[in-house]
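Residue numbers (numbering that gives the first Met the number 0), protein chains in the order written: chain A, 0 to 118; chain B, 0 to 118.
Every residue, glycine too, gets a C-beta built ideally from N, C-alpha and C.
What follows is a single structure, written as structure tokens, with notes after it.
There are 2 protein chains.
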Amino acid sequence: MIIKSSDAVPAKPVTMAGANRVTMRMLLGPLEQCPTFAMRKFTVEPGGFTPHHHHDYEHEVLILSGRGEALTPDGTKPLKPGDVVYVPANEMHQFRNSGAVNFEFICLVPARVHAPCAG
Amino acid sequence: MIIKSSDAVPAKPVTMAGANRVTMRMLLGPLEQCPTFAMRKFTVEPGGFTPHHHHDYEHEVLILSGRGEALTPDGTKPLKPGDVVYVPANEMHQFRNSGAVNFEFICLVPARVHAPCAG
């Protein structure tokens, strides 16, 4: 069993095109040889957002703190702590901080997204 | 995209042998047709615990609130909010509330665990 504090995991800037003021912590993933899915924690600073994009895998998200919103194919939806979000594969999406403090959430993806061969 | 509050998901008692004072919310799983993994939220009341058991799939856990401990092959380890836990397949484990308020965490498993054919 591996136990660690989220805070002990380094937060790395998300440099993907379209991201602004976002860092990611890889909480459980390749380092732990997680076979099926990876757990990442994102911190979006006030005014920040993730890329507005789509990809061939799903997201499962739990909002931890702050206030935010999701840009969905049906418009913008508010997000608060305790909300869960399912983004199916190939659906356009973006997460934005809509508040004055950091907006934090975990976002899980299939393990193949972070597999060494996934580049 | 599916968005819902964790609180809006019914909490069902965990009736598995060895569980005591535990409820589970299926936050994202078969209902959403999640293809790879399922997100569940567990609430362990003071004095409660999950079964001390093992199985052929892994857990990825994030502690949300309260105080608890994990019984591992190397002894008992304390758990606090923000801690993440990786339990590999086939390793004995148990989660216990060690505090005076509810101990809450999310625990993800491969989708096959909750597939209709998994019984």
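| query | result |
| --- | --- |
| Strand pairing of B:Pro109, partner residues [DSSP] | B:Phe36 |
| Chain-ordered residues of the stretch 31 to 47 of chain A with a beta carbon less than 9 Å from chain B | Glu31, Gln32, Cys33, Pro34, Thr35, Phe36, Ala37, Met38, Lys40 |
| In chain order, each beta strand (DSSP E) run of at least 3 residues that lies wholly inside the stretch 36 to 111 of chain B | 36 to 48, 58 to 64, 67 to 71, 74 to 78, 82 to 86, 93 to 96, 102 to 109 |
| Test item: CB-CB of B:Ala37 and B:Ala110 under 8 Å | yes |
| Contact under 8 Å by Cβ, B:Gly74 with B:Ser97 | no |
| Per-residue burial, B:Gly118 [other beta carbons within 10 Å of its own, 16 or more giving buried] | Confidence is the limiting factor: at B:Gly118 the pLDDT is only 43, short of 50, which leaves the residue's position unreliable and the question unanswerable from this model. |
| Residue environment, B:Leu27, which counts as buried when at least 16 other CB atoms sit within 10 Å | buried |
| 7 Å CB neighbourhood of B:Tyr56 in its chain, flanking five on each side removed | Ala88, Val108, Pro109, Val112 |
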